[in-house]
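Input: a single structure, listed below in structure tokens.
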Amino acid sequence: KQEVTQIPAALSVPEGENLVLNCSFTDSAIYNLQWFRQDPGKGLTSLLLIQSSQREQTSGRLNASLDKSSGRSTLYIAASQPGDSATYLCAVGEGSARQLTFGSGTQLTVLP
Amino acid sequence: DTGVSQDPRHKITKRGQNVTFRCDPISEHNRLYWYRQTLGQGPEFLTYFQNEAQLEKSRLLSDRFSAERPKGSFSTLEIQRTEQGDSAMYLCASSLPGVRGTEAFFGQGTRLTVV
């Protein structure tokens, strides 16, 4: 059974700092990996999708990498801002339905 | 395109009552998913539709839960005889078809509280 782990569970950084969020998964038979942002009490906002054949994706200040063979992904956030404060979730797409298996998230706080 | 829409946003119900939630996916998305999220955890997969066909169900989906997508457009999730353990956020997601899977877009969720 796939297990997705995100470390750290919580992170607090001063504004302007570059940071890395980590995600690991136990079964490398995945189709894709997706990073999401979730604000308190809200739904999920898709940030980046990396197909299993890709190594990285970039969107603005965000860069996500995927090393499928080692079961790891990282989300790099450059020049963090207070508006980046949220919970960040990674999820791997697998199975006949391509359903997502999620980690428990990293709660990020960016201090002004 | 208004994204994935879920209704209601919040539902408080007494234990033993039935509840029904609705999801309207992005119009051209033929894949629709239901997930459940409890506090401090990531969402967990419940069930999957491709067009009107329910093709996958998680073991989490007990026989008190039923989902439909009658015309391959909107979907409903019904919980019968609710229990306090059903209290959670119920999330709907939709995506385009694709062999490797495509980007999933989520709604704002329905927060269920069973008292």
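Protein sequence lines, in the order shown, are assigned to chains A and B.
Be aware that the first sequence starts at 79, since it is given in the working numbering, and climbs by one per residue.
Be aware that the second sequence starts at 57, since it is given in the working numbering, and climbs by one per residue.
Beta carbons: idealized from backbone N, C-alpha and C, even for Gly.
query: Name the chain A residues that come within less than 7 Å of residue 99 of chain B, Cβ to Cβ?
result: Locating residue 99 of chain B in the second sequence gives position 43, counting from the first residue. Those within 7 Å of residue 99 of chain B in chain A are 180.
- prompt: For residue 121 of chain B, which residues in chain A fall below 7 Å Cβ to Cβ?
  reply: Counting from 1 along the second sequence, the entry for residue 121 of chain B is found at position 65. Going along chain A, no residue has its Cβ under 7 Å from residue 121 of chain B, so there is no contact; the nearest lies around 16 Å.
message: Does chain B have any CB closer than 7 Å to the CB of residue 110 of chain A?
response: To locate residue 110 of chain A, count along the first sequence from 1; it is residue 32. Taking 7 Å as the CB threshold, residue 110 of chain A lines the interface with chain B.
query: Can you name the residues of chain B whose CB is closer than 7 Å to the CB of residue 174 of chain A?
result: The sequence position of residue 174 of chain A within the first sequence is 96, counting from 1. Within 7 Å Cβ-Cβ: 112.
- request: Check each candidate in B:96, B:80, B:84 and B:97 and name the one with the smallest Cα separation from residue 90 of chain B.
  value: As a position in the second sequence, residue 90 of chain B is number 34, starting the count at 1. Closest by alpha carbon: B:80.
query: At what residue ranges does the segment 77-139 of chain B contain a whole run of the beta strand (DSSP E), taking only runs of 3 or more?
result: The segment 77-139 of chain B contains these whole beta strand (DSSP E) runs: 87-93, 100-106, 109-113, 121-124 and 131-135.
message: Rounded to the nearest angstrom, what separates residue 155 of chain A and residue 135 of chain B at their Cα positions?
response: Taking the first sequence and counting its residues from 1, one reaches residue 155 of chain A at position 77. Taking the second sequence and counting its residues from 1, one reaches residue 135 of chain B at position 79. For residue 155 of chain A and residue 135 of chain B, the distance between alpha carbons rounds to 40 Å.
message: Looking at chain B, is there any beta carbon in it that lies within less than 7 Å of the beta carbon of residue 121 of chain A?
response: Position 43 of the first sequence, counting from 1, holds the residue named residue 121 of chain A. Closer than 7 Å to some Cβ of chain B, the Cβ of residue 121 of chain A qualifies, so yes.
- request: Could you name the residues of the same chain whose beta carbon sits closer than 7 Å to that of residue 107 of chain B, not counting the 5 residues immediately before and after it, in chain order?
  value: Here residue 107 of chain B refers to the residue found at position 51 of the second sequence. Result list for residue 107 of chain B: 86 and 128, in chain order.
task: In the DSSP assignment, find the unbroken beta strand (DSSP E) run with residue 151 of chain A in it and report its ends.
output: One-based indexing of the first sequence puts residue 151 of chain A at position 73. Following the DSSP letters along the chain, one finds residue 151 of chain A inside the beta strand (DSSP E) bounded by residues 150-155.
- prompt: Where does residue 171 of chain B land, buried or exposed, given buried means 16+ other C-beta within 10 angstroms?
  reply: What you label residue 171 of chain B is simply residue 115 of the second sequence in a count that begins at 1. Per the 10 Å Cβ criterion, exposed.
- request: Give me the Cβ distance between residue 97 of chain B and residue 165 of chain B, rounded to the nearest whole Å; I'm assuming they're in contact under 8 Å.
  value: Against the second sequence, residue 97 of chain B aligns to sequence position 41. Against the second sequence, residue 165 of chain B aligns to sequence position 109. Wrong, their Cβ atoms sit about 14 Å apart, outside the cutoff.
- request: Examine chain B for any beta-carbon lying closer than 7 Å to the beta-carbon of residue 147 of chain A, and answer yes or no.
  value: As a working mapping, residue 147 of chain A is identified with position 69 in the first sequence. Not an interface residue.
- request: Would you please verify whether the beta carbon of residue 171 of chain A is less than 7 Å from any beta carbon of chain B?
  value: Against the first sequence, residue 171 of chain A aligns to sequence position 93. By this cut-off, residue 171 of chain A is an interface position.
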